[in-house]
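Engineer:
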Amino acid sequence: MQRQALELVFSNKKYLALSASIFFSLFFTLSIVSEFIFFSPKFIFYVPFSASISFTLIVIVSALSSIVISLSIYRIRMMGIGVRKSGSGFLGFIIGAGAGACSCGSIGFAVISTFGAVGGTATAFLTNYEIPLRLVSIAILAYTYYVTVKGITAQCKIT
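Numbering (full-length UniProt numbering), first residue to last: 1 to 159.
1) What is the DSSP secondary structure of residue 171, reduced to helix, strand or coil?
2) Should S70 and S137 be called a contact, given that it needs their Cβ atoms to be closer than 7 Å?
3) For V59, count the other beta carbons within 10 Å of its own beta carbon; 16 or more makes it buried, fewer makes it exposed. Which is it?
4) May I ask you to list the residues that DSSP assigns as paired with I44?
5) In the DSSP assignment, find the alpha helix (DSSP H) that holds A63 and state where it starts and stops.
6) First and last residue of the alpha helix (DSSP H) that includes residue 160?
7) With burial defined as no fewer than 16 other Cβ atoms inside 10 Å of the residue's Cβ, what is the status of T56: buried or exposed?
8) Closer than 8 Å by C-beta to I44: which residues in its own chain qualify, once you throw out the five before and the five after it? Chain order, please.
9) Would you call the CB atoms of S66 and I22 closer than 7 Å?
10) Give the C-beta separation of I140 and A5 to the nearest angstrom, bearing in mind that I take them to be a contact with Cβ-Cβ under 8 Å.
11) With 16 as the cutoff for other CB atoms within 10 Å, does Y146 come out buried or exposed?
12) If you draw a straight line from the C-alpha of E130 to the C-alpha of S34, how long is it?
13) Can you find the residues in the same chain that come closer than 7 Å, C-beta to C-beta, to L63, ignoring five residues on each side of it along the sequence?
14) Looking only at its own chain, which residues have a Cβ that is under 7 Å from the Cβ of L16, when we skip the five neighbours before and after it?
15) Taking the alpha-carbon of V47 as reference, which of V61, R134 and S31 has the nearest alpha-carbon?
16) In three-state DSSP terms, what is Y145?
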């Protein structure tokens with residue numbers, strides 16, 4: 001059932017290209033924010049061994065987000081339903097990617113610290129619970145994937 005829905009959506013090269021562009025843009029952005037990519041003094045991509053779990057979770061969040069968005073757009077366009085009636089597709093992506101990007105390294109610390117004590121507390125929370133929040137994000141995206149595939153399967157009568 002899931003395989004057939006994926007084949008149906010990704011047989012169209014537009015959705016495949018959309019998914020790839022979403023994956024790379026989200027992966028690149030989260031890698032910069034999480035300080036795996038540096039631009040000064042030259043371009044450096046570095047994943048320390050101690051951060052390998054965090055990096056792996058970023059890859060999973062990026063991949064699931066790209067698949068969920070492509071499936072949701074397909075469902076909206078092919079079924080003729082509005083974004084509000086489409087279910088949890090985009091909401092799941094926004095919550096999942098937001099939780100995946102929650103620990104922002106020094107960039108986020110600089111931005112959040114402008115909010116004073118509340119910002120400091122938020123930074124400490126996000127730093128301490130970075131991996132659990134990304135796992136929650138993956139769970140939300142996985143559930144959104146399941147619901148979206150189920151909706152496509154039911155509405156397209158894939159057997």
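Beta carbons are placed, not taken as given, at the ideal position from N, Cα and C, and that holds for glycine. Here the structure is a predicted model, which means the values were calculated and not measured.
Structural biologist: Inspection of the coordinates gives the following:
1) What is shown of the chain runs 1 to 159, which leaves residue 171 out entirely.
2) Stepping through the sequence shown from its first residue, residue 70 is reached at position 70. Stepping through the sequence shown from its first residue, residue 137 is reached at position 137. Not a contact, by the Cβ cut-off of 7 Å.
3) Residue numbering aside, residue 59 sits at position 59 when the sequence shown is read from its first letter. Flag for V59 reads exposed.
4) Taking the sequence shown and counting its residues from 1, one reaches residue 44 at position 44. Under the DSSP definition of a beta bridge, I44 partners with F38.
5) Numbered from its first residue, the sequence shown carries residue 63 at position 63. That run of the alpha helix (DSSP H) goes S52 to M79.
6) In the structure as shown, the chain starts at 1 and stops at 159, and residue 160 therefore has no counterpart that could be examined.
7) Translated into positions along the sequence shown, residue 56 becomes position 56. Per the 10 Å Cβ criterion, exposed.
8) Against the sequence shown, residue 44 aligns to sequence position 44. Closer than 8 Å at Cβ, skipping near neighbours: I37 and F38.
9) Stepping through the sequence shown from its first residue, residue 66 is reached at position 66. Stepping through the sequence shown from its first residue, residue 22 is reached at position 22. Against a cut-off of 7 Å, the Cβ pair of I22 and S66 comes out as a contact.
10) Your numbering for residue 140 matches position 140 in the sequence shown. Your numbering for residue 5 matches position 5 in the sequence shown. Incorrect: roughly 19 Å between the Cβ atoms, too far for contact.
11) Walking along the sequence shown from the start, residue 146 turns up at place 146. So Y146 counts as exposed.
12) Here residue 130 corresponds to residue number 130 of the sequence shown, with the count starting at 1. Here residue 34 corresponds to residue number 34 of the sequence shown, with the count starting at 1. If you take the alpha carbons of E130 and S34, they lie about 10 Å apart.
13) As a first step, residue 63 must be located in the sequence shown, where it is residue number 63. The displayed chain sequence assigns Ala, not Leu, to residue 63. Excluding residues within five positions, the ones whose Cβ falls inside 7 Å are F23.
14) Within the sequence shown, the letter at position 16 stands for residue 16. Correct list, in chain order: F10.
15) Counted from its first residue, the sequence shown places residue 47 at position 47. Comparing Cα-Cα distances from V47 to each of V61, R134 and S31, the minimum goes to S31.
16) Translated into the one-based positions of the sequence shown, residue 145 becomes position 145. The DSSP-derived three-state label of Y145 is helix.
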